[in-house]
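Q: Below is a structure I'd like to ask you about.
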Amino acid sequence: MRFLKTFKTPVAAIAVLLGLFALAPVAHAANPLEMNFWLSGPRYDGNLPPCEAALPSITHQFAEKEGTFWNSSLRITAYGKIRDIAFRPWQSDNIPRRYCAGEVQLNDHTTRPVYFSIVEDGGLAGFTDGVEFCVVGLDRNWAFNPACRAAKP
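Note that the sequence shown covers residues -29 to -1, 1 to 124 in mature numbering (1 follows the signal peptide of the UniProt record, and there is no 0).
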């Protein structure tokens, strides 16, 4: 308000503001070097391995999570009924994912459902395919709650 009071009319204030905008630097488009230097964007092929390829990773990650974070001796001893439930369930320009389901048998002799996805370039620093999984009833930090619903497509 103080700025506007220094001018006698609002027209003069608007003229000063327009003059300030006219002095602002002009934005330029990126030059060819800027456009082609590490700005290529994601290139997804959609070539994901079958569901069975993720099982060793799930076994290792489950044992590490249970032992390290929950001080539990639970381990996956066997898998069964592994099946593909969806591939790229959303529009084609999203990150490709293969959703799978199955059953795991644990070393306490219980069988539980497991839901997991294989994510293209979802591994360490995007160099490998990543695996996200949830064992129903053992989602202790509720990351995929309720009942691993968020791990499904």
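By construction, the Cβ of each residue, glycine as well, lies at the ideal position given by its N, Cα and C atoms.
(1) Measuring straight from C-alpha to C-alpha, what distance separates alanine 122 and histidine 80?
(2) Between which two residues does the beta strand (DSSP E) harbouring valine -14 extend?
(3) Using a 10 Å radius around the Cβ and a threshold of 16 neighbouring Cβ atoms, would you call aspartate 16 buried or exposed?
(4) Helix, strand or coil, according to DSSP, for proline 27 in the structure here?
(5) Ignore the nearest five residues each way along the sequence and tell me which others in leucine 19's own chain have a CB closer than 7 angstroms to its CB.
(6) So glutamate 103 and valine 85 are in contact, right, with Cβ under 8 angstroms, and what is the actual spacing, rounded?
(7) For phenylalanine 87 versus alanine 25, is the C-beta spacing smaller than 8 angstroms?
(8) Can you grab the Cα-Cα spacing for the pair asparagine 78 / tryptophan 61, in whole Å?
(9) Grouping DSSP H, G and I as helix and E and B as strand, with all else coil, what is glutamine 62?
(10) Just how far apart, CA to CA, sit alanine 34 and proline -5?
(11) Which residues bound the beta strand (DSSP E) around cysteine 105?
(12) For glutamate 37, I'd like the list of residues in its chain whose CB is within less than 7 angstroms of its CB, leaving aside the five on either flank, ordered along the chain.
(13) Give the range of the beta strand (DSSP E) segment to which phenylalanine 87 is assigned.
A: Reading it off the structure:
(1) Here the question's residue 122 lines up with position 151 in the sequence shown. Here the question's residue 80 lines up with position 109 in the sequence shown. Near 24 angstroms, if we compare the C-alpha coordinates of histidine 80 and alanine 122.
(2) Position 16 of the sequence shown, counting from 1, holds the residue named residue -14. Note, valine -14: premise wrong, no beta strand (DSSP E); alpha helix (DSSP H) at -20 to -8.
(3) Counting from 1 along the sequence shown, the entry for residue 16 is found at position 45. Of the residues assessed, aspartate 16 falls on the exposed side of the cut-off, its CB having fewer than 16 other CB atoms within 10 angstroms.
(4) Locating residue 27 in the sequence shown gives position 56, where the first residue counts as 1. Helix.
(5) Position 48 of the sequence shown holds residue 19. Within the same chain, and ignoring the five residues on either side of leucine 19 in sequence, the residues whose Cβ sits closer than 7 angstroms to its Cβ are Pro67, Arg69, Ile89, Glu91 and Asp100.
(6) As a working mapping, residue 103 is identified with position 132 in the sequence shown. As a working mapping, residue 85 is identified with position 114 in the sequence shown. With 8 angstroms as the limit, glutamate 103 and valine 85 do not qualify as a contact, their Cβ atoms being about 11 angstroms apart.
(7) Residue 87 sits at position 116 when you count from the first residue of the sequence shown. Residue 25 sits at position 54 when you count from the first residue of the sequence shown. Their beta carbons are under 8 angstroms apart, which means phenylalanine 87 touches alanine 25 by this criterion.
(8) Your numbering for residue 78 matches position 107 in the sequence shown. Your numbering for residue 61 matches position 90 in the sequence shown. Rounded to the nearest angstrom, the two C-alpha atoms are 36 angstroms apart.
(9) As a first step, residue 62 is located in the sequence shown; it is residue number 91 there, counting from the start. Here glutamine 62 sits in coil by DSSP.
(10) The residue labelled residue 34 in the question sits at position 63 within the sequence shown. The residue labelled residue -5 in the question sits at position 25 within the sequence shown. When rounded, the distance between both Cα atoms is 58 angstroms.
(11) Sequence index remark: in the sequence shown, residue 105 carries index 134 (1-based). Here the beta strand (DSSP E) through cysteine 105 covers 101 to 106.
(12) Here residue 37 corresponds to residue number 66 of the sequence shown, with the count starting at 1. So the qualifying residues of the chain are Ser43 and Leu45.
(13) For the purposes of this step, residue 87 is taken as the residue at position 116 of the sequence shown. Phenylalanine 87 -> beta strand (DSSP E) spans 82 to 90.
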